[in-house]
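A.B. asks: Residue numbers (my numbering): 1201 to 1466. I am attaching a structure below and will ask some questions about it afterwards.
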Ligand code: IPD
Ligand code: CA
Ligand code: CA
């Protein structure tokens, strides 16, 4: 099999090309459709970008499988071999409304183990990337390892949905954490929020019901820097179905799990 460095080089080249296509689309009229509900959006660009990656990956690496959000990839029911988790635009609502605060997210795994993480902030031309065991970078700059911090000095990425009455969880459960933290933020792109934790701009990220393509790339980068990623119960993430996601700096992850999340039915 081809080495990870070479796979990484190809993936980086394609992500930059895809970024070009997305930037060019800012001057075009988008075809916007809804999926599972009125706020679950997809555009022709999400679909075209996913198809672009799939044709490149299949041509260069015919034995790799692709788990893509828009459904043009493979039907993935196990994690054997090399699997690409692909979100062509993470933060589609932001892409449509703001033309910023979205990213292309790619995680490349072998037998369920994260090997490469790539999250590309297209508008800022910032590529966050890591090959497992070889450090994490933002463009050419190496990102330092994550240091421990306390809840009262932490900025936590948490969407207001989860502290208001909602269909999924008892919203009161997360209020103490939101109160005790130094601050909360929400940017509307799981992939970007994960690399903001990696880059030390935030200290933790919490969300309910994310799909593997939302977090696979970001998790490889955060873990490379010593951060921890689990579901809200503290269990290993399930890369085959939707799951809750809790990512944090070392120490902080353990404290929040023990002191704020242990009572919850997530
Ligand atoms: C969404 C974003 C958002 C998260 C949603 C995701 P999409 O991805 O990551 O931040 O809260 O759960 O579905 O649909 O824009 O690719
Ligand atoms: Ca997504
Ligand atoms: Ca998406």
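Glycine included, each C-beta is placed from N, C-alpha and C at the ideal position.
Just to confirm my understanding: we take residue 1295, look at its own chain, exclude 5 residues before and 5 after, and list those with CB closer than 6 Å. What are they?
C.D. replies: 1289, 1302
A.B. asks: For the stretch 1377-1393 and the stretch 1255-1272, state whether three or more C-beta atom pairs, one from each stretch, are separated by less than 8 Å.
C.D. replies: no
A.B. asks: What distance in whole Å lies between the Cβ atoms of residue 1352 and residue 1382, which are believed to be in contact at a cut-off of 8 Å?
C.D. replies: 6 Å
A.B. asks: Looking at ligand 1, does it come within less than 7 Å of residue 1215, judged from the CB to the closest heavy atom?
C.D. replies: no
A.B. asks: Is there contact here, the stretch 1324-1338 with the stretch 1353-1366, by at least three beta-carbon pairs under 8 Å?
C.D. replies: Two segments are said to touch when three or more pairs of C-beta atoms, one from each, lie closer than 8 Å; by this definition the stretch 1324-1338 does not touch the stretch 1353-1366.
A.B. asks: Is residue 1269 a contact residue of ligand 2, with contact defined as CB to any heavy atom under 7 Å?
C.D. replies: yes
A.B. asks: Under the assumption that residue 1403 contacts residue 1373 (Cβ atoms under 8 Å), give the Cβ distance between them as a whole number of angstroms.
C.D. replies: Between residue 1373 and residue 1403 the Cβ distance is about 19 Å, and since that is not below 8 Å, they are no contact.
A.B. asks: As a quick exercise: from 1271, 1407, 1242, pick the residue whose alpha carbon is nearest that of residue 1254.
C.D. replies: 1271
A.B. asks: When you compare only the Cα positions, how much space is there between residue 1412 and residue 1359?
C.D. replies: Straight-line Cα distance between these residues: approximately 18 Å.
A.B. asks: Roughly how many angstroms separate the alpha carbons of residue 1317 and residue 1224, rounded to a whole number?
C.D. replies: 25 Å
A.B. asks: Answer yes or no: do residue 1426 and residue 1345 have a C-beta to C-beta separation smaller than 8 Å?
C.D. replies: yes
A.B. asks: Mark residue 1329 as exposed unless 16 or more other C-beta atoms lie within 10 angstroms of its C-beta, in which case mark it buried.
C.D. replies: buried
A.B. asks: Just to confirm, does residue 1301 get its C-beta within under 7 Å of one of the non-hydrogen atoms of ligand 1?
C.D. replies: With a threshold of 7 Å, the Cβ atom of residue 1301 does not count as near ligand 1, since no heavy atom of the ligand is closer than that.
A.B. asks: The beta strand (DSSP E) that contains residue 1310, what's its start and end?
C.D. replies: 1303-1310
A.B. asks: Would you tell me roughly how many angstroms separate the C-alpha atoms of residue 1286 and residue 1375, rounded to the nearest one?
C.D. replies: 32 Å
A.B. asks: Does the CB of residue 1286 have a neighbour CB from chain D at under 8 Å?
C.D. replies: The chain labelled as chain D is not found in the depicted structure, where only one protein chain is given.
A.B. asks: Between the stretch 1307-1326 and the stretch 1204-1211, do three or more beta carbon pairs fall short of 8 Å?
C.D. replies: yes
A.B. asks: Please state the DSSP three-state secondary structure of residue 1425.
C.D. replies: coil
A.B. asks: Looking at the secondary structure, which residues open and close the beta strand (DSSP E) in which residue 1210 lies?
C.D. replies: Not the beta strand (DSSP E): residue 1210 falls in the alpha helix (DSSP H), residues 1204-1225.
A.B. asks: Considering only heavy atoms of ligand 2, does any lie closer than 7 Å to the CB of residue 1413?
C.D. replies: Because some heavy atom of ligand 2 lies under 7 Å away, the Cβ of residue 1413 counts as near it: yes.
A.B. asks: Note down, in chain order, each residue of its chain lying with its Cβ closer than 8 Å to the Cβ of residue 1239, except the 5 sequence neighbours on either side.
C.D. replies: If the five residues before and after residue 1239 are omitted, its C-beta is found closer than 8 Å to the C-beta atoms of 1293, all from its own chain and listed in chain order.
A.B. asks: For the alpha helix (DSSP H) holding residue 1397, just list the boundary residues, first then last.
C.D. replies: 1390-1398
A.B. asks: Mind listing, in chain order, the continuous beta strand (DSSP E) runs of no fewer than 3 residues lying wholly within the stretch 1323-1394?
C.D. replies: 1326-1331, 1336-1338, 1355-1358, 1383-1385
A.B. asks: Determine the contact status of residue 1348 and residue 1449, defining contact as a CB-CB distance below 8 Å.
C.D. replies: Result yes, Cβ atoms of residue 1348 and residue 1449 sit closer than 8 Å.
A.B. asks: Taking Cβ positions, are residue 1343 and residue 1398 nearer each other than 8 Å?
C.D. replies: The beta carbons of residue 1343 and residue 1398 sit closer together than 8 Å.
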